[in-house]
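So the structure is just underneath, and the comments pick up after that.
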Amino acid sequence: MAILFDWYENPKTSEQQGEENMLHPRLRLNGKVSTAQLRARIQKYCTLTETDVIAVLDALSHAMGEELAEGRQVHLDGIGFFRPNLVSTEPVTEKTKRKNTKVRLKGIVYRPDRLLMDEVGKVKVQRTRFSFHSSKLTDEEIDALLTEFFTTHDFVQRKSFQLLCSMTQSTASRHLHRLCEEGKLKNVGLPKQPVYKPINGYYVVNE
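Each residue of the sequence shown is one higher than the last, beginning at 1 in the UniProt record's numbering.
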């Protein structure tokens with residue numbers, strides 16, 4: 001099976017406005033393989049039982065976690081390199097007090113091993129038949145859709161806004177953030193579970 005992808009426009013800076021749109025390929029996943037499925041596959045390649053594989057994977061997770069917690073890079077032959085990545089919890093300058101307390105783990109950076117890249121080999125790619133691009137709506141068209149939407153709804157969530165405007169998740173989130181900054185919507189929910197309501201008289205149909 002080929003790797004599916006589609007072409008997307010690169011975001012433009014203010015200096016690039018008016019220039020020809022540049023495109024970049026974006027992968028569309030063909031599905032997901034679970035740990036249980038991988039365990040079954042691993043069992044076929046070696047003499048370990050599936051129970052043995054479970055124990056090895058569990059021990060590997062613990063051993064890697066201990067080494068990464070000590071700030072070490074972990075190299076698994078044929079798989080790749082893993083290392084911890086840090087980020088500051090707030091803007092920090094030389095004058096910031098207690099700077100060392102404002103650092104946390106951001107995530108784990110992974111770099112594939114050459115053997116794994118060779119195992120993947122030369123891939124076959126195919127452009128998807130279905131478009132997943134966002135609709136190119138103007139701000140005025142988005143306002144019109146929301147005005148109609150709020151005639152029958154008290155609030156809008158990211159998913160419903162995404163479907164309403166035929167946008168990708170990232171584009172929908174960006175527009176919702178913009179509408180909040182413009183004072184048209186307000187998040188009355190939680191930061192990670194936002195619920196947006198119109199404010200300041202926006203999206204009200206005048207009889």
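By construction, the Cβ of each residue, glycine as well, lies at the ideal position given by its N, Cα and C atoms.
What you are looking at is a predicted structure, and each value in this text was computed from that prediction instead of being measured.
Specify, as a first and last residue, the run of the beta strand (DSSP E) that residue i falls within.
i           : result
residue 203 : Run containing residue 203: none; DSSP gives neither H nor E here.
residue 103 : 103 to 112
residue 127 : 125 to 127
residue 28  : 23 to 28
residue 4   : 3 to 9
residue 176 : Element bounds for residue 176: not the beta strand (DSSP E) but the alpha helix (DSSP H), 169 to 181.
residue 190 : Where residue 190 is concerned, there is no enclosing beta strand (DSSP E), given that its DSSP letter is neither H nor E.
residue 197 : 196 to 198
Take the Cβ of residue i as the centre, count every other Cβ of all protein chains shown within 10 Å, and call the residue buried at 16 or more, exposed below.
i           : result
residue 108 : exposed
residue 56  : exposed
residue 172 : buried
residue 167 : buried
residue 175 : buried
residue 162 : buried
residue 156 : buried
residue 74  : buried
Of all the options the options, which has the alpha carbon lying nearest to the alpha carbon of residue i?
i           : options           : result
residue 80  : 64, 6, 196        : 64
residue 197 : 154, 138, 125     : 154
residue 194 : 150, 160, 75, 119 : 160
residue 200 : 180, 128, 189     : 180
residue 185 : 192, 202, 169     : 202
residue 151 : 187, 122, 204     : 204
residue 69  : 83, 7, 60         : 83
residue 136 : 112, 7, 32, 165   : 165
residue 191 : 158, 90, 95, 8    : 158
residue 71  : 94, 86, 61, 20    : 86
residue 182 : 91, 139, 149      : 139
Where do the ends of the alpha helix (DSSP H) carrying residue i lie?
i           : result
residue 79  : Run containing residue 79: none; DSSP gives neither H nor E here.
residue 159 : 158 to 165
residue 44  : 35 to 45
residue 68  : 50 to 69
residue 208 : Because the chain in this structure spans residues 1 to 207, residue 208 falls outside the shown range and cannot be described.
Just checking my contact of residue i with residue j at CB under 8 angstroms: how many whole Å lie between their CB atoms?
i           : j           : result
residue 39  : residue 50  : 5 angstroms
residue 209 : residue 126 : Here the chain has residues from 1 to 207 only, and residue 209 is not among them.
residue 215 : residue 115 : There is simply no residue 215 to check, as the chain begins at 1 and stops at 207 in what is shown.
residue 122 : residue 2   : Actually they do not touch by this definition, with Cβ atoms about 12 angstroms apart.
residue 8   : residue 23  : 6 angstroms
So is residue i in contact with chain D if we call contact Cβ pairs under 8 angstroms?
i           : result
residue 185 : Given the protein chain composition of this structure (a single chain), no chain D is represented.
Inset, instruction - Evaluate the contact criterion for the segment 88 to 107 versus the segment 137 to 147: three or more CB pairs, one atom per stretch, below 8 angstroms. - result: no
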